[in-house]
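Trainee: Provided herewith is a single structure, encoded as structure tokens, for subsequent inquiry.
Number of protein chains: 2
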Amino acid sequence: MAVTLADVAARARVSAATVSRVLSGNYPVAESTRARVLRAVDELEYVVNGPASALAAATSDLVGVLVNDIADPFFGIIAGAVQSEMGAPIGAPGRGGEKLAVICSTGGSPERELRYLTLLQRQRAAAVVLTGSAAEQPDHAAAVATKVSRLAASGTRVVLCGRPPLEDAVTLAFDNRGGARRLTEHLVTLGHRRIGYVAGPAERTTTRHRLEGHRAALAGAGLDGDAERLTVHGLYDRPSGYDATLELLRRDSGLTAIVAANDTIALGVCAALRDRGRRIPEDVSVAGFDDLPFSADAVPSLTTVRLPLHEAGIRAGRLALGREPQPPGGVAMVRGELMARSSTTPPPRG
Amino acid sequence: MAVTLADVAARARVSAATVSRVLSGNYPVAESTRARVLRAVDELEYVVNGPASALAAATSDLVGVLVNDIADPFFGIIAGAVQSEMGAPIGAPGRGGEKLAVICSTGGSPERELRYLTLLQRQRAAAVVLTGSAAEQPDHAAAVATKVSRLAASGTRVVLCGRPPLEDAVTLAFDNRGGARRLTEHLVTLGHRRIGYVAGPAERTTTRHRLEGHRAALAGAGLDGDAERLTVHGLYDRPSGYDATLELLRRDSGLTAIVAANDTIALGVCAALRDRGRRIPEDVSVAGFDDLPFSADAVPSLTTVRLPLHEAGIRAGRLALGREPQPPGGVAMVRGELMARSSTTPPPRG
DNA sequence: CTGTTAGCGCGTTCAT
DNA sequence: ATGAACGCGCTAACAG
Chain P
1 MAVTLADVAA RARVSAATVS RVLSGNYPVA ESTRARVLRA VDELEYVVNG
51 PASALAAATS DLVGVLVNDI ADPFFGIIAG AVQSEMGAPI GAPGRGGEKL
101 AVICSTGGSP ERELRYLTLL QRQRAAAVVL TGSAAEQPDH AAAVATKVSR
151 LAASGTRVVL CGRPPLEDAV TLAFDNRGGA RRLTEHLVTL GHRRIGYVAG
201 PAERTTTRHR LEGHRAALAG AGLDGDAERL TVHGLYDRPS GYDATLELLR
251 RDSGLTAIVA ANDTIALGVC AALRDRGRRI PEDVSVAGFD DLPFSADAVP
301 SLTTVRLPLH EAGIRAGRLA LGREPQPPGG VAMVRGELMA RSSTTPPPRG
Chain W
1 MAVTLADVAA RARVSAATVS RVLSGNYPVA ESTRARVLRA VDELEYVVNG
51 PASALAAATS DLVGVLVNDI ADPFFGIIAG AVQSEMGAPI GAPGRGGEKL
101 AVICSTGGSP ERELRYLTLL QRQRAAAVVL TGSAAEQPDH AAAVATKVSR
151 LAASGTRVVL CGRPPLEDAV TLAFDNRGGA RRLTEHLVTL GHRRIGYVAG
201 PAERTTTRHR LEGHRAALAG AGLDGDAERL TVHGLYDRPS GYDATLELLR
251 RDSGLTAIVA ANDTIALGVC AALRDRGRRI PEDVSVAGFD DLPFSADAVP
301 SLTTVRLPLH EAGIRAGRLA LGREPQPPGG VAMVRGELMA RSSTTPPPRG
């Protein structure tokens, strides 16, 4: 029913193989026949059959991108950047290098993560990029590691972006621990002594690393006695930040600063503080993490740790396509930069 | 090299056809052999070859989702919702109904939109969901319409979400015009007479419809004399809102309200007003559109028009899979709801 | 440079 | 209920 290679070949009075060669452009073809073929393609409005092509060539032009939540700009920025690298390579005239990025939103569920991985394996994806924090439950972690190895074994390149290294995969790790430490050190330097922390969901690598960095800074200042009591876990969203702040205030109404595990949580922290009549930063300083676009515009502008998400996504995309050499040891660390803005200031006196 | 159907068949001592039938589950197979086959599948860690399957069955389990910018939560929310509908249908035990959503970020470029459409056509996608505003240049619009017809003709279901109807496609249109009109009417009712408007990029349907709604409200109040002069176009982003506001202030420093074409622009509007020493809303009222998650949390909370993006995405996904009956005439209108919040108030006296 | 040949792995008749 | 055989549309040898 649809137009096939054979139809084009017939119309151009050449063999199917020749048409195939013209289209993939990776083989010498006489200019005259080439033109004839292209004209036939045009006239017949022929479009290659992807599945057939993938089957015969044993390669697919699909690249999977797994994210926890595509509605969260953190992942949107990374995913968009990865996809922007999927076009045809610079010097390739043919429609050869066009890859299609498949963005999959797992909702943070390890089961769905594995399901998507299987789906991509079924599609024989050329590469897979796993972004964001990984679940730390031993069984899930093992299952993902196994799946990754299997994908790698079957020729799918696997890139990890913002999650801890794994065998058989190239990794772009975010320095969550270091960034978090510098952020809390900044507060300590300002003079804060009673600092609350709103963490993300437990059992996630990013949550743990950021919390560890925070604790390290506290320990360095001899302030870690209360750390456990002044930490509340929640999701990486605004309502969690709001609720956690109320809880923190209940536990210690004399807090002079609250650090949130990310910027979105920080938004909720600010809202709760305002509802409780605390001024930011005069009464309570607030800090986030990630430096999402809205953070610089918040009122007051949010002190946070800038992660180069776009750049990381670009790099992840290039690594996935093998257009960039792997970092030594297969692991590169992406540093975060402290952005000290208006939401943090020395604590009120008295 | 990889495990194939034949390998599984050999191990289970049945024919490849039987294995195929067990896996697709749409054919009677004896329980005993069924169990044997499934065990073999498990032991061999067999994963169906998607391309081969798609070729033989002439159907694909890919669904394309085109968005202007996946880093923008507006699209992230829609895309995430569409994808959440792609799982196996409720009563289907087999791995049959699993669809893979391919989210493609076009950057608002009509060329890339067409390229993605071709890529999806090449993959023989089961469906395509086009979201967000469409370019209005006649040639581009025609090219997209043609491509859509061609996709539809080849059996790909096409769903339009948040863009104007097209032949051969089911449409979920947003009532941008009506929402914008009610929003500006709200300002007029509050007493505003000099209202600036920061529009999105020209030549886009959403931009035009929202602007038309705004103008209609002005005209209804006899305020449309200055409308042209008090409108500035930009992109749908924060910097554009910032710059446009400075320009508007230059054109009329006595503005008492500024309406932005979306919430993100409104963020920039607020920043610029503050930098110019204007209080919001005491000196100048500000309004946005979309009601993205951050808008309720802004300080002051943003008056805007709520679009049920998540619900619309869910519906678009169901329509794409044919799981929901088409609306009468193939077009359904999604209304926006005015959310009057703290960023709008009566104009200052004098 | 071009045509011929032979699969790629699976779904689907048609028999049995 | 199961197996044998064919073909989906394309690419990759191999000739020439």
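Order-wise, the sequence lines are chains P and W.
Taking the UniProt record's numbering, I'd label the letters of the first sequence as residues 1 to 350.
Taking the UniProt record's numbering, I'd label the letters of the second sequence as residues 1 to 350.
Using N, Cα and C, we set each Cβ at its ideal position, and we do this for glycine too.
Is it the case that the Cβ atoms of W/Pro-347 and W/Ala-257 are separated by a distance below 8 angstroms?
Mentor: yes
Trainee: On a Cα-Cα basis, can you pick out the residue from W/Leu-302, W/Pro-293, W/Pro-28, W/Asp-297 that is closest to W/His-310?
Mentor: W/Pro-293
Trainee: What is the residue span of the beta strand (DSSP E) that W/Ser-285 lies within?
Mentor: 285-287
Trainee: Measure the C-alpha to C-alpha separation of W/Leu-100 and P/Val-159 and round it to an integer number of angstroms.
Mentor: 20 angstroms
Trainee: Is there a C-beta anywhere in chain W that falls below 8 angstroms from the one on P/Ser-154?
Mentor: Closer than 8 angstroms: yes.
Trainee: Under three-state DSSP, which class holds W/Glu-337?
Mentor: Under the three-state reduction of DSSP, W/Glu-337 is assigned to strand.
Trainee: Quick one, are the C-beta atoms of W/Gly-336 and W/Gly-179 less than 8 angstroms apart?
Mentor: yes
Trainee: Which one or two residues does DSSP pair with W/Cys-161 in a beta bridge?
Mentor: Looking at the DSSP assignment, W/Cys-161 forms a beta bridge with W/Thr-131, W/Leu-172.
Trainee: Taking the C-alpha atoms as reference points, what is the distance between P/Thr-264 and P/Gly-241?
Mentor: 8 angstroms
Trainee: Shorter than 8 angstroms from the beta carbon of W/Ala-320 to some beta carbon of chain P?
Mentor: No, W/Ala-320 does not count as interfacial toward chain P.
Trainee: Could you please give the first and the last residue of the uninterrupted alpha helix (DSSP H) stretch that includes P/Thr-33?
Mentor: 31-44
Trainee: For the region 295-316 of chain P, which residues have a beta carbon sitting closer than 7 angstroms to at least one beta carbon of chain W?
Mentor: Asp-297, Val-299
Trainee: Taking C-beta pairs closer than 7 angstroms, name the residues in chain W that P/Thr-118 reaches, listed in chain order.
Mentor: Val-47
Trainee: Measure the alpha-carbon distance for W/Leu-183 versus W/Thr-304 and round it to whole angstroms.
Mentor: 7 angstroms
Trainee: I'd like the ranges of any beta strand (DSSP E) spanning at least 3 consecutive residues and lying wholly in the region 58-109 of chain P.
Mentor: 62-67, 100-105
Trainee: Is it right to say P/Ser-133 is buried, meaning 16 or more other beta carbons lie within 10 angstroms of its own, or is it exposed?
Mentor: With 16 or more Cβ atoms within 10 Å of its Cβ, P/Ser-133 is classed as buried.
Trainee: Does any residue of chain P bring its CB to less than 8 angstroms from the CB of W/Leu-23?
Mentor: no
Trainee: Go to W/Arg-210, then tell me how far its beta strand (DSSP E) extends in each direction, as first and last residue.
Mentor: Segment 205-220 is the alpha helix (DSSP H) holding W/Arg-210; no beta strand (DSSP E) there.
Trainee: Say whether chain W places a C-beta atom closer than 8 angstroms to the C-beta of P/Gln-123.
Mentor: Answer yes: the Cβ-Cβ gap between P/Gln-123 and chain W drops below 8 angstroms somewhere.
Trainee: For the alpha helix (DSSP H) containing P/His-192, list its first residue and its last residue.
Mentor: Note, P/His-192: premise wrong, no alpha helix (DSSP H); not H, not E.
Trainee: Run down chain W in chain order and give the residues with a C-beta less than 7 angstroms from the C-beta of P/Glu-324.
Mentor: Neighbours of P/Glu-324 in chain W, taken as residues at a C-beta separation under 7 angstroms, are lacking, since the least C-beta distance is about 21 angstroms.
Trainee: Compute the Euclidean distance between the alpha carbons of P/Arg-238 and P/Glu-228, then round it to the nearest angstrom.
Mentor: In this structure, the straight-line span from the alpha carbon of P/Arg-238 to that of P/Glu-228 is close to 22 angstroms.
Trainee: Apart from the five residues just before and just after P/Met-339, which ones in its own chain have a Cβ nearer than 6 angstroms to its Cβ?
Mentor: Asp-291, Thr-304, Arg-306
Trainee: Under three-state DSSP, which class holds W/Arg-306?
Mentor: strand
Trainee: On a Cα-Cα basis, can you pick out the residue from P/Leu-235, P/His-186, P/Thr-206, P/Ala-202 that is closest to P/Ala-221?
Mentor: The residue with the shortest Cα to Cα distance from P/Ala-221 is P/His-186.
Trainee: How far does the beta strand (DSSP E) with P/Ala-260 in it extend, from its first residue to its last?
Mentor: 257-260
Trainee: Kindly indicate which residue of P/Cys-270, P/Gly-268, P/Thr-231 has the alpha-carbon position closest to the one of P/Asp-252.
Mentor: With distances taken between Cα atoms, P/Asp-252 lies closest to P/Thr-231.
Trainee: Would you mind telling me which residues of chain P sit closer than 7 angstroms to W/Asp-291, beta carbon to beta carbon, in chain order?
Mentor: In chain order: nothing, as chain P lies at least about 14 angstroms away.
Trainee: Could you tell me which residues DSSP pairs with P/Ala-332 in its beta bridges?
Mentor: P/Leu-172
Trainee: Can you tell me which of P/Asp-168, P/Ala-266, P/Ser-105 puts its alpha carbon nearest to the alpha carbon of P/Asp-243?
Mentor: P/Ala-266
Trainee: By Cβ distance, which residues of its chain are closer than 7 angstroms to P/Ile-77, with the 5 residues on each side in sequence left out?
Mentor: Cβ neighbours of P/Ile-77 beyond the five flanking positions: Leu-309, His-310, Gly-313.
Trainee: Please report the distance separating the alpha-carbon of P/Glu-324 from that of P/Val-170.
Mentor: 11 angstroms
Trainee: Report all residues from its chain with a CB closer than 6 angstroms to the CB of W/Val-102; omit the five preceding and five following residues, and keep chain order.
Mentor: Leu-62, Gly-64
Trainee: Using DSSP with H/G/I as helix, E/B as strand and the rest coil, what is P/Val-299?
Mentor: coil
Trainee: What does a CB cutoff of less than 7 angstroms around W/Met-333 pick up in its chain, not counting 5 residues either side in sequence?
Mentor: Ala-173, Asp-175
Trainee: Which residues in the same chain have their Cβ closer than 8 angstroms to the Cβ of P/Ala-79, if we skip the five residues on either side of it in sequence?
Mentor: Val-65, Val-67, Ile-70, Ala-101, Ile-103, Thr-131, Gly-313
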